[in-house]
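Just so you know, our numbering puts 124 at position 132 of the sequence shown, and the rest follows in order with no gaps.
Heads up, the beta-carbon is just placed ideally off N, CA and C, and yes, glycines get one too.
These numbers come from a predicted model, not from an experiment.
Beneath this line is the structure, given in structure tokens, with notes to follow.
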Amino acid sequence: MKTASPGSETEIILLAIAKEKLSFARLAAAAQACDNPKAKRLYNQLALDELKHLLTLVSLMDGLADDWLTRLDLTLPPADRPDTLPQTEEAILRSTTEEEELSKNFFGCLAQEVDRGELLDLLQTLRAEEEDHRTRLRSLLYGLEADRPVVAKWLRSIRRMIPAAHLH
């Protein structure tokens, strides 16, 4: 993803807000198009996570000196319904984890293009937030994998090998 180098904190946050709005719109559209109740629930949960991140970004702008409210566009982009939607929780989480990785890399690329320390700090903060969200998604994914019979059996066998005193 090639972009012009941002010149201010406001421009960086506005870029981040645009990315989060698009992510939110895609996940909300996926939830609306989904027939599977478990998948719909997960899509909605992930969309709400993106909305929270969007609000966090807006709150970051509060401390800025310029009149950022005149530049803020809160219009959600229209999200086309995807042709194929992941329907399993695992596939949804994997897909969303990949999107978070792309966002993290996007902020990393922007960080390489800026010179000013405060811009670099802000981009590193945004990148760390994307990594935190990705980590939460991966832990949800690994939780699903632990529910599989083969993995559950393996975990039980490991527990039997560890003395009970070491488990508490």
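Does the distance from the C-beta atom of Leu56 to that of Glu1 stay below 8 Å?
Yes, the Cβ-Cβ distance between Leu56 and Glu1 is below 8 Å.
Straight-line CA distance for Thr88 to Leu129?
8 Å
Check this for me: beta carbons of Phe98 and Lys11, under 8 Å apart or not?
Result yes, Cβ atoms of Phe98 and Lys11 sit closer than 8 Å.
Could you have a look at Ser95 and say whether DSSP puts it in helix, strand or coil?
helix
If I follow the unbroken alpha helix (DSSP H) through Pro29, where does it start and stop?
29 to 52
Tell me, to the nearest whole angstrom, how far the beta carbon of Ala103 is from that of Leu94; I am working on the premise that it is less than 8 Å.
Ala103 to Leu94, Cβ: 15 Å. No contact.
Hey, quick one: how far does the alpha helix (DSSP H) through Leu7 stretch, first residue to last?
It spans 1 to 25 - the alpha helix (DSSP H) in which Leu7 sits, taken as one unbroken run.
When you compare only the Cα positions, how much space is there between Leu19 and Asn36?
7 Å
Using three-state DSSP, classify Ala120 as helix, strand or coil.
helix
Ser15 to Gly(-1), Cα distance in whole Å?
24 Å
Expressed to the nearest angstrom, what Euclidean distance is found between the alpha-carbon atoms of Arg63 and Val106?
Distance from the CA atom of Arg63 to the CA atom of Val106, rounded to whole angstroms, is 21 Å.
What residue from Ala71, Ser51, Thr127 has the CA that sits closest to Arg86's CA?
Thr127
Cβ atoms of Met53 and Ile5: under 8 Å apart, would you say?
yes
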